[in-house]
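Before any comments, here is the structure.
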Amino acid sequence: MGSSRLPFIAAQEDMFPKFVALIQQKNGTPIVGLLTMGTLTIFWVWPTDIGGLIKSVGFLSWAWWGMCFAAVPGLRVVMPTYPRTFKVFLPVTGFAIVASMYLTIGQFVESPLPCSAWLGVAMLGIPIYFGFVDEDQSCKRWMAWLLSKLSKLLKAEL
257 MGSSRLPFIA AQEDMFPKFV ALIQQKNGTP IVGLLTMGTL TIFWVWPTDI
307 GGLIKSVGFL SWAWWGMCFA AVPGLRVVMP TYPRTFKVFL PVTGFAIVAS
357 MYLTIGQFVE SPLPCSAWLG VAMLGIPIYF GFVDEDQSCK RWMAWLLSKL
407 SKLLKAEL
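Counting from 257, one number per residue, gives the positions in the sequence shown under this note's numbering.
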């Protein structure tokens, strides 16, 4: 349930299609986010077992967390005067970077083929992301159409 909030927030920040940010009126849940995460989970667990899904998701999660941890000292160098709500002690960040590298590399060494497949699927998100921040707004036009249809169908709103 909590992971459905991630695509919901990404859609609110214009990093995902707007229809993913639809909130079901009666219960206040991100209905499309739940359906998206549920569908993806079923799609990935169907040909294997739940253990394979957990390992693959763990691999990608730690890879992304490691990049986030690495961004902390990088942003302190690139944007030293940028206002921050809180600062993290850099040795803690360093420990988190080393831990995420250990968990990511260890998982990749243990099962390189599934990890490569998941990494390839994740990299497919790069052109999709740039499709949603396009300059000519072509992607946003058909997404607006889809948003209106889904909001009526699911009785949801932004």
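Note that beta-carbon positions come from the ideal geometry of N, C-alpha and C, so glycine has one too.
What is the DSSP secondary structure of residue i, counted as helix, strand or coil?
i: GLU413; result: strand
i: LEU290; result: helix
i: MET379; result: helix
i: PHE342; result: coil
i: PRO370; result: helix
i: TRP398; result: helix
i: THR337; result: coil
i: TRP302; result: coil
i: THR285; result: coil
Considering only the alpha carbon of each residue, which of the options lies closest to residue i?
i: LEU296; options: ALA267, TRP374, LYS405; result: TRP374
i: PHE345; options: SER356, ARG332, TYR338; result: ARG332
i: THR292; options: MET271, ARG261, GLY376; result: ARG261
i: MET357; options: GLY322, ALA378, ILE306; result: GLY322
i: ALA378; options: PHE315, GLY330, ASP305; result: PHE315
Does the Cβ-Cβ distance between residue i and residue j come in under 7 Å?
i: LEU402; j: PHE275; result: yes
i: ILE298; j: ALA326; result: no
i: MET410; j: ILE265; result: The sequence as given places Leu at residue 410; Met does not occur at that position. Against a cut-off of 7 Å, the Cβ pair of ILE265 and LEU410 comes out as no contact.
i: PRO370; j: SER407; result: no
i: GLY289; j: PRO273; result: no
Determine the direct distance from the alpha carbon of residue j to that of residue i, and round the result to whole angstroms.
i: SER317; j: MET399; result: 28 Å
i: VAL348; j: GLY294; result: 34 Å
i: ALA277; j: ALA319; result: 25 Å
i: ILE310; j: VAL365; result: 16 Å
i: LYS405; j: VAL301; result: 29 Å
i: GLN281; j: MET271; result: 23 Å
i: SER372; j: THR285; result: 33 Å
i: GLY307; j: THR337; result: 45 Å
i: ILE361; j: SER367; result: 10 Å
i: VAL334; j: ARG340; result: 14 Å
i: PHE351; j: ALA412; result: 43 Å
i: LEU359; j: ARG397; result: 41 Å
i: ALA355; j: ASP305; result: 26 Å
Would you list the residues sitting across from residue i in a DSSP beta bridge?
i: GLN280; result: ALA412
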